[in-house]
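Notes follow once the structure below has been shown.
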Amino acid sequence: MLNRPQSNPQLNAKGELTHLLSIDGLPREALIRILDTASSFLEISDRDVKKVPLLRGKSVFNLFFENSTRTRTTFEIAAKRLSADVINLDVARSSTAKGETLLDTVDNLVAMHADMLVVRHAASGTPYLIVDHLQRIGRADVHVVNAGDGRHAHPTQGLLDMYTIRHYKKDFSGLTVAIVGDILHSRVARSDIHALNTLGAGEVRAVGPQTLLPTAIEKMGVRVCMDLQTGLKDCDVVIMLRLQNERMNGALLPSAREYFRCYGLTPRALALAKPDAIVMHPGPMNRGVEIDSLVADGPQAVILPQVTFGIAVRMAVLSILAGN
Ligand code: CP
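Going by numbering that gives the first Met the number 0, the residue at position 304 of the sequence shown is 303; the numbering climbs one at a time, nothing skipped.
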């Protein structure tokens, strides 16, 4: 993790959201405001003309230094539905490949009159570094959205997950939510845990083998379950996670087949949860590793609605940051 200042750099002096870097440290009211604003945007996707002029004249730059299907595309759709100009930096063909530093790239985008930077990077803390730099060059008016930094945070995924849970379950109190799999390397798990605790979920369970659970994770306010059966028992929401092999140093598991046998979500395992439990996954899924296709394509899965809700949630975030 790169060094970052102690204060919460995503809120301005008036406590207003000016960047979205992490769900950690955001008050409940800020989360509820984003979810409520997203509700009002959801219906725009069903209109013939799927546009509102809230970001007309603004430039949103997508800077994805790590691969993405859902996040990059839904940020682009969200910004376009708000009538912004969207520029997708093709990092592989950009001057990053010639050795230009991240902050020199940022300076150049600011010189192109960027209003918002949506940033994904493999290094935890990168969006904080950019915010710090923007403050030092007197351009704190350029908003930064963290679209996933290393294993640290993925706040818009956390928010769209909360939107999905609220959509299907209405109220967080009394809900038991099981987050299953590679929690150690998961920025989504961290964002979900912060959000669920802030929104008052009844019980949040971290379910996985010891090698894939962070040390002292119970201090984040979760119940640790090392076997799937205990973890899924009577839960209302199951959030499955991918094995993030790209962030693992060495083998932490005997084999993918062994992992599926112990922690894969099959119809039989899902039967331990409540009959009306919903199954979520941030994607990309690895079928036959963490989830059986019978579950992924089954009636309890809400994995594709998560993607659709992601557009409305990202519209809400961009719109709120722009001061609407
Ligand atoms: N959930 C998620 O971040 O997916 P992508 O990596 O495809 O953006």
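We put the beta carbon where it would ideally sit given N, CA and C, even for glycine.
From the listed residues Asp181, Gly24 and Ser39, the smallest Cα separation to Arg150 is found for Asp181. Counting along the chain, Val236 sits inside the beta strand (DSSP E) bounded by residues Val236 to Met239. If you draw a straight line from the Cα of Asp35 to the Cα of Val48, it comes to about 22 Å. Annotation: the continuous alpha helix (DSSP H) that includes Thr72 extends over Arg69 to Arg80.
Three or more Cβ pairs drawn from the stretch 277-286 and the stretch 300-314 lie within less than 8 Å of each other, which places the two stretches in contact. For Ala110, the enclosing alpha helix (DSSP H) stretches over residues Leu101 to Ala110. Inclusion of Ala121 and Glu42 in the CB contact set at 8 Å is not warranted, their separation being larger than that value. Nearest neighbour of Leu271 by Cα position, chosen from Val236, Val85 and Ile192, turns out to be Val236.
A distance below 6 Å between beta-carbons, with the five flanking residues on each side excluded, links His142 to the following residues of its chain, in chain order: His18, Met115 and Leu320.
Taking the Cβ of Thr68 as the reference point, at least one heavy atom of ligand 1 falls within a distance shorter than 7 Å. Bounds of the alpha helix (DSSP H) holding Asn196 are Arg186 to Thr197. Counted as a single uninterrupted DSSP element, the stretch harbouring Glu65 is not any beta strand (DSSP E), since DSSP gives it neither H nor E. By the CB criterion at 8 Å, Tyr162 and Phe308 fall inside the cutoff. The stretch 170-181 and the stretch 205-214 touch, with no fewer than 3 CB-CB distances between them shorter than 8 Å. In this structure, the beta-carbon distance from Leu81 to Asn61 does not fall below 8 Å. Contact check for His153 against Val130 fails: the beta carbons are separated by 8 Å or more.
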